[in-house]
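In my numbering, the protein residues as written are 3 to 91.
Heads up, the thing below is written out as structure tokens.
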């Protein structure tokens with residue numbers, strides 16, 4: 003059974019014109035399916051305020067070179083940490 007979309011998302015879909023949808027190669031039903039898939043994919047994702055999953059990263063030098071040292075998120079417990087995930091490519 004598909005996840006029911008929040009009213010805000012249904013309203014956003016309803017506001018899109020047929021011209022805008024055609025330009026993007028979308029349909030309203032296709033958008034609903036994409037939003038539903040996203041919500042289903044996020045069901046098991048950590049939520050704001052929950053503990054982040056632990057992970058291990060290789061440290062880099064100031065010049066951006068690999069130095070063979072590793073850092074885990076759990077090793078920073080009790081210290082302020084900001085996490086930014088994205089692609090810089």
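Note that CB positions come from ideal geometry on N, CA and C, so glycine has one too.
From which residue to which residue does the beta strand (DSSP E) around residue 62 run? For residue 62, the uninterrupted beta strand (DSSP E) segment begins and ends at 58-62.
Give me the Cα-Cα distance between residue 16 and residue 27, rounded to the nearest whole angstrom. Approximately 16 angstroms between the Cα atoms of the pair.
Where do the N-terminal and C-terminal ends of the alpha helix (DSSP H) with residue 72 fall, by residue? Element bounds for residue 72: not the alpha helix (DSSP H) but the beta strand (DSSP E), 68-74.
Rounded to whole angstroms, how far is the Cβ of residue 78 from the Cβ of residue 69, which I believe are closer than 8 angstroms? Rounded, the Cβ-Cβ distance is 18 angstroms, inconsistent with contact.
Which same chain residues end up closer than 8 angstroms to residue 23 when comparing Cβ atoms and leaving out the 5 residues on each side of it in sequence? 29, 30, 33
Answer yes or no: do residue 59 and residue 73 have a C-beta to C-beta separation smaller than 7 angstroms? yes
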